[in-house]
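Peer 1: In full-length UniProt numbering, the protein residues as written are 1 to 128.
Backbone N, C-alpha and C fix where the C-beta goes; we use that ideal spot for every residue, glycine too.
Dropping the structure in here first, questions after.
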């Protein structure tokens, strides 16, 4: 009975100690990734925004989120560097090529997009 308290104390402290170590390793890995950012890296921010690094500073990163749209973020806001995009794009290209080779070529032109007039838009949006 006298060994119950020390045993209980060890049983509670060991998992807590191991959890803290794992958390420190994860934080170190993320910090290393954020310090190794370079121009051209495709990244995801902590808010879920996808972008490409166009400029790197000591504390900030400029991301191109659309063509000619550049935003500035703290380095700490970068969640990860996306490396699977190249593999995914290559796999999609291969699938598209295989599908195009398997399907016969069709000479039908794509239907032209028609522009809606202002009157059509107003009549569609108003309730009468």
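1) To the nearest whole angstrom, what separates the beta carbons of residue 54 and residue 63, a pair I think is in contact under 8 Å?
2) Report yes if the CB atom of residue 73 is closer than 8 Å to the CB atom of residue 81, and no otherwise.
3) What is the C-beta distance between residue 65 and residue 48, in whole angstroms, given that I count them as a contact (C-beta under 8 Å)?
4) Given a cut-off of 8 Å on the beta-carbon distance, is the pair residue 77 and residue 126 in contact?
5) Reducing DSSP to helix, strand and coil, say where residue 12 ends up.
6) Which term fits residue 10, buried or exposed, when burial requires 16 or more other beta carbons within 10 angstroms of its beta carbon?
7) Taking just the CA atoms, how far does residue 41 sit from residue 13?
8) Looking only at DSSP bridge pairs, what is residue 40 linked to?
9) Considering only residues of the same chain and omitting the five flanking positions on each side of residue 19, which have a CB-CB separation below 6 Å?
10) Nearest-angstrom Cα distance between residue 58 and residue 16?
11) Report the residue from 34, 2, 25 whose alpha carbon sits nearest the alpha carbon of residue 75.
Peer 2: Working from what's here:
1) 7 Å
2) no
3) Wrong, their Cβ atoms sit about 12 Å apart, outside the cutoff.
4) no
5) helix
6) exposed
7) 41 Å
8) Its beta-bridge partners do not exist; DSSP assigns none.
9) none
10) 34 Å
11) 34
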